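Reading through the structure tokens given below for one structure.
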Amino acid sequence: METLLDLRPLFAILVSAVAAVAIAFTGRNPNLRETWSVLAAVTKFALVASLLPGVLAGERYEVDLVQLAPGIELGLRVDPAGLLFALSASFLWILTCFYSIGYMRGLDEGKQTRFYAMLASCLSATIGLCFSANVLTFVIFYEILSVATYPLVTHAGSEKAYRIGRQYLVYAITAGIALVAGTALIHQTAGTLDFQAGGFLDAGAGTGVLWTIFLLFMLGFGVKAGVMPLHSWLPNAMIAPTPVSALLHAVAVVKAGVFGFVRLVGFIFGPELLGDMGAAALLAAFAAATILIASCIALTKDDLKARLAYSTVGHLSYIVLGVALLVPHALLGAALHMVTHAAMKITLFFCAGAIYVHTGKKKVSELDGIGRQMPFTLAAFGVGAVGLAGVPLIGGFVSKWYLAAGSVDAGGLFFLGVLLLSGLLNAAYLVPIVTRAFFRTSEGHPAFNEASLFMVVPIGITAALSILLGIHPDGLFRFFSVAEAMVAGITGTTFAGGAP
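Using my numbering, read the sequence shown as starting at 134 and increasing by one per residue.
This is how it looks when you write it as structure tokens:
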């Protein structure tokens with residue numbers, strides 16, 4: 134493995150930070166403001182994608198930023214784990230930029246300059262934590278992401294929005310304190326903070342110290358990952374505009390939490406040490422409980438975004454469960470589910486937003502017959518719905534297949550049962566939305582009247598991506614190969630035959 138100095142990771146972070154400033158100064162010109170957003174998104178993705186060939190060839194790109202003290206520095210490094218997350222988030226930001234134009238203009242929303250500027254800031258922080266070389270750099274970008282999200286959560290400006298924003302900050306600050314304390318304890322124990330595939334902590338640190346570190350990081354990452362009982366901020370944060378729910382609460386912010394667990398298990402402790410401690414079993418138990426409870430709660434929600442929010446809570450814990458099982462197939466399934474869930478869930482949120490902007494309807498009970506009015510939107514919703522349930526030929530089937538195989542490998546037939554039962558629950562709370570939209574009738578729906586092309590086209594692309602990931606998961610951006618390289622680095626295992 135060759136390590137090379139390269140400034141592209143830094144530029145990928147800075148491009149959206151610079152765009153945020155440009156957006157703020159050109160806010161009086163909506164066309165220019167939105168142009169900055171799109172240009173930054175395209176440039177960011179191009180920079181991230183340009184790193185792909187080298188990473189798959191075994192190269193690692195590094196940038197040293199600043200040394201704070203001997204052995205404590207901020208730095209960037211591109212490895213398969215970070216690249217997988219960065220590819221997904223940066224590509225979907227491009228689509229979200231176009232979608233946001235249709236959404237924000239369609240509702241004539243206020244504070245649009247702040248909205249676009251903070252969205253760009255969040256993507257800058259997201260790519261920063263993707264490419265962090267060590268725990269301290271990761272935690273700093275993680276907290277920047279928390280702060281930058283607050284104005285988006287409170288975008289509505291109502292008393293309810295500010296109350297939910299305060300709740301979000303309480304959760305975020307508590308998580309931040311836990312992460313800072315854990316980072317200090319890691320440095321004191323190991324003398325280093327640099328991520329290392331397979332982990333760098335060892336049993337010589339002592340059981341008490343290792344458990345303290347694990348629990349602090351479990352709290353810190355569990356908040357953003359929505360692991361119950363640390364989840365309640367996430368459904369409440371759906372008060373934010375739908376583009377925020379779509380990108381940040383299905384792709385970036387919440388995925389930062391589960392990506393934190395990937396780093397914790399694979400690059401700080403390592404599977405062997407966590408298995409010996411028994412800590413992974415605790416994490417798996419919380420994840421399994423979250424999957425089932427969140428799915429049951431989703432069944433009871435009539436508000437469409439609330440139903441999708443609890444679905445997100447459950448599906449985030451699919452990823453947490455995958456890393457907690459510690460075996461190669463489960464780790465591969467977790468990595469792939471970061472990507473497939475992002476594509477499917479952003480499709481569902483995009484559809485919910487298009488329905489609201491075009492018809493004003495928010496509740497599942499109001500959607501009878503709407504499929505005749507908005508057939509493309511509801512067909513795309515159907516793709517996301519059956520994909521999350523694990524139906525073949527959609528991306529969710531591939532990631533769930535490897536998660537199920539990992540459950541069997543780990544001897545955890547209970548966890549296999551959790552996955553199978555949750556798939557049925559997914560179908561129970563999502564598929565009826567599609568059937569009532571197409572097979573029930575209701576007064577007042579025109580025969581055909583779709584939303585703006587700014588919204589429909591991104592919806593079509595994310596639905597198509599969800600299908601492509603189910604048919605050929607290595608066919609676009611080499612997602613399977615990157616995920617496989619991540620697992621190989623952590624466990625030393627490769628998969629005969631490559632991508633399916």
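Glycine is no exception: its CB is placed at the ideal position from the N, C-alpha and C atoms.
Here the structure is a predicted model, which is why all the values come from computation and not from measurement.
Quiz item: Where are the alpha helix (DSSP H) runs, 4 residues long or more, that stay fully inside the region 168-228, in chain order?
Solution: Correct list: 185-189.
Quiz item: What residue does the alpha helix (DSSP H) around Glu405 start on, and which one ends it?
Solution: Pro404 to Met410
Quiz prompt | Contacts around Ala560, its chain only, beta-carbon distance under 6 Å, and the 5 residues preceding and following it disregarded | solution = Ala522
Quiz item: What are the start and end residues of each continuous alpha helix (DSSP H) run of 4 or more residues lying completely inside the region 467-538, in chain order?
Solution: Listed in chain order, they are 503-506 and 508-522.
Self-check item: Proximity winner among Leu586, Thr375, Val472 and Pro404, relative to Leu441 (alpha-carbon distances)
Solution: Thr375
Exercise. Using beta-carbon positions only, say whether Lys357 and Ala379 come within less than 8 Å of one another.
Key: Result no, Cβ atoms of Lys357 and Ala379 do not sit closer than 8 Å.
Quiz item: Ser265 by DSSP, collapsed to three states: which one?
Solution: If DSSP states are grouped into helix, strand and coil, Ser265 belongs with the strands.
Quiz item: Whose C-beta lies closer than 7 Å to the C-beta of Ile600 among residues of the same chain, with five residues either side of it excluded?
Solution: Closer than 7 Å at the Cβ level, and outside the excluded window around Ile600, lie Val516, Leu526 and Ile527.
Quiz item: From Gly204 to Leu343, what distance separates their C-alpha atoms?
Solution: About 20 Å.
Quiz item: Can you name the residues that DSSP bridges to Thr136?
Solution: Arg193
Self-check item: Contacting residues, own chain, Cβ-Cβ under 6 Å from Gln245 (five flanking each side not counted)
Solution: Met237.
Exercise. With DSSP as the reference, please indicate the residues paired to Asp327 in a beta bridge.
Key: Asn267
Self-check item: Residues near Gly549 by beta carbon distance below 7 Å, same chain, minus five either side
Solution: Correcting the residue identity first, residue 549 is Leu in this sequence and not Gly. If we look at Leu549 and ignore the five residues flanking it on each side, its Cβ neighbours are Ala537, Ser540 and Val541.
Quiz prompt | Proximal residues to Leu367 (C-beta, below 8 Å), its chain only, five neighbours per side dropped | solution = Gly359, His382, Val387, Ala442, Thr445 and Val446
Self-check item: Opening and closing residue of the alpha helix (DSSP H) in which Leu609 lies
Solution: Per DSSP, Leu609 is not a residue of any alpha helix (DSSP H), being assigned neither H nor E.
Exercise. Buried or exposed for Phe547, please, with buried defined as at least 16 other CB atoms from any protein chain shown within 10 angstroms of its CB.
Key: exposed
Quiz item: How would you write the range of the alpha helix (DSSP H) that Pro565 sits in, first residue to last?
Solution: Leu546 to Phe572
Quiz item: Near Leu180, which residues of its chain fall below 6 Å by C-beta distance, leaving aside the five closest residues on each side in sequence?
Solution: Within the same chain, Arg141, Phe144 and Ala145 come within 6 Å of Leu180 by CB-CB distance, once the 5 residues on both sides are set aside.
Quiz item: Is the beta carbon of Val377 sitting closer than 8 Å to the one on Leu225?
Solution: No, they are not a contact pair.
Practice problem: Give the straight-line distance between the Cα atoms of Thr510 and Ala431, rounded to the nearest whole angstrom. | Solution: Using only the alpha carbons, I get a separation of about 21 Å.
Quiz prompt | Proximal residues to Arg569 (C-beta, below 7 Å), its chain only, five neighbours per side dropped | solution = Leu500 and Asp501
Exercise. Would you please state the rounded distance, in angstroms, between the beta carbons of Val531 and Thr473? I believe it to be under 8 Å.
Key: 7 Å between Cβ atoms; contact.
Exercise. With DSSP as the reference, label Thr436 as helix, strand or coil.
Key: It is worth fixing the name first, because residue 436 is Asp in this sequence and not Thr. Strand.
Quiz prompt | Close beta carbons around Ala150, own chain, < 8 Å, minus the five adjacent residues each side | solution = Ala253, Ser254 and Ser257
Self-check item: Residue closest to Val519, alpha-carbon to alpha-carbon, out of Val490, Pro606 and Leu481
Solution: Leu481
Quiz prompt | Extent of the continuous alpha helix (DSSP H) to which Ala146 belongs | solution = It is Ile, not Ala, that sits at residue 146 in the sequence shown. Taken as a continuous stretch (DSSP letters only), the alpha helix (DSSP H) holding Ile146 covers Arg141 to Phe158.
Practice problem: Note down the Cα distance separating Leu348 from Phe400, rounded to an integer number of angstroms. | Solution: Just so you know, the alpha carbons of Leu348 and Phe400 end up roughly 16 Å apart.
Quiz item: Candidates Pro186, Phe158 and Thr176: which alpha carbon is nearest Arg611's?
Solution: Pro186
Exercise. Quick one: give me the first and last residue of the alpha helix (DSSP H) that Pro591 is part of.
Key: Leu586 to Ile604
Quiz prompt | Pairwise C-alpha distance: Pro404 and Leu459 | solution = 5 Å
Quiz item: Which ranges would you report for the alpha helix (DSSP H) in the region 236-318 if only whole runs of at least 4 residues count?
Solution: Segments of the alpha helix (DSSP H) lying fully in the region 236-318: 245-263 and 268-286.
Exercise. Determine the burial state of Phe581: buried for a count of at least 16 other Cβ atoms within 10 Å of its Cβ, exposed for fewer.
Key: exposed
Quiz item: Secondary structure at Thr340, three-state DSSP: helix, strand or coil?
Solution: helix
Quiz item: Can you find a heavy atom of the ligand SAM that lies under 7 Å from the Cβ of Ala190?
Solution: Inclusion of the ligand SAM in the displayed structure is not the case, the ligand content being empty and no account of it being possible.
Quiz item: Near Gly466, which residues of its chain fall below 6 Å by C-beta distance, leaving aside the five closest residues on each side in sequence?
Solution: The answer, listed in chain order, is Gly455, Ser532, Tyr535, Leu536 and Gly539.
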